[in-house]
Each structure stands twice: as C-alpha cells, then as structure tokens.
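Right, one structure below, let's go through it.
Residue numbers (the working numbering): 757 to 907.
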C-alpha cells in the first residue's frame, strides 16, 4: 500500500512540475529552457561589441556552428519531456522509470548548458584582453522589471 501511495505521490509531483514547466513557456524561447541563455544571446552580444571584421566573422561562425547543435539538443529535451508527460498521463507510472526519465531530461539540460558555455569560451578566446573581460561579464539584469533602477 505504501508503495502505491508513494508512486501516486511521485506521479502527482511530476505532473505538477511538468505542467508548470510547459505552461510557463519553457519551450517558447529559442534557448529551450527558462533562464537558460542560448546562442542568440551570444549573437546579440557580438553585434554590440566593436570587433574587427575578421574576429566578428569568426565569432559569428562559432555561433552558427553552435546553433544546429543547440537546436538538436532542444528537440531531444522536448521529446524527453513528451515521454515524461505520457508516462505521467498513463497513470501511476513506475517510480524507477519515472526517475530515469527525469534524470535523462536533467542530463540533456546539462548538455545544453555546456554547449552554450563552450561557445561562450571559444568566442572569448578570439578577443583581446580588454574585450575578453567585457565578454565574460555577466549580462546586465537591472532595470525596472528586474528589481534594479532604470538606466
């Protein structure tokens, strides 16, 4: 009886988390995950920097190469979420199978973050020291909607 109750509790929790993730638009932006930066952010940062034409071209080539990889990973995450959703909808899924699927989604998200960071680092390696320091500064999160003062 405890095992069945536990399985139902896990399924309910997974369903709630899944509903929250999908209704919040987790897959609506190009990065694939809320709060997770994507290569489009790198592209915007490159556009704002004053880079020599050759460095700019190399940086955009890195972004372009990363884009296909990011898209493939995003599709894998979407498919893994669909599988998870199907498991939960089927009713009382096996807890071990559910855990394995959740771990798979987590591994894909980690892979996605690594892909972004690798592109960030490869672009940073192209830049002179002063611009490299600027490149690796965290993006500005201030402003009216992020709790900071408007600029």
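The beta-carbon is built from N, C-alpha and C at its ideal position, and this holds for glycine as well.
Per DSSP, what kind of secondary structure is residue i in: helix, strand or coil?
i: residue 839; result: helix
i: residue 892; result: coil
i: residue 848; result: coil
i: residue 786; result: Annotation note: pLDDT 41 at residue 786 (below 50); position unreliable, coordinate value reported separately. Note: residue 786 maps to coil in three-state DSSP.
Determine, using beta carbons only, whether residue i and residue j come nearer to each other than 7 Å.
i: residue 834; j: residue 795; result: no
i: residue 819; j: residue 840; result: no
i: residue 867; j: residue 829; result: yes
i: residue 882; j: residue 814; result: yes
i: residue 854; j: residue 836; result: no
Which residue comes first and which comes last in the alpha helix (DSSP H) that contains residue i?
i: residue 851; result: 851 to 882
i: residue 797; result: 795 to 804
Going by CA-CA distance only, name the one from the options that's closest to residue i.
i: residue 831; options: 809, 804, 849 and 861; result: 861
i: residue 872; options: 827, 847, 885 and 845; result: 827
i: residue 821; options: 879, 801 and 845; result: 879
i: residue 876; options: 809, 816, 808 and 810; result: 816
i: residue 869; options: 825, 810, 845 and 812; result: 825
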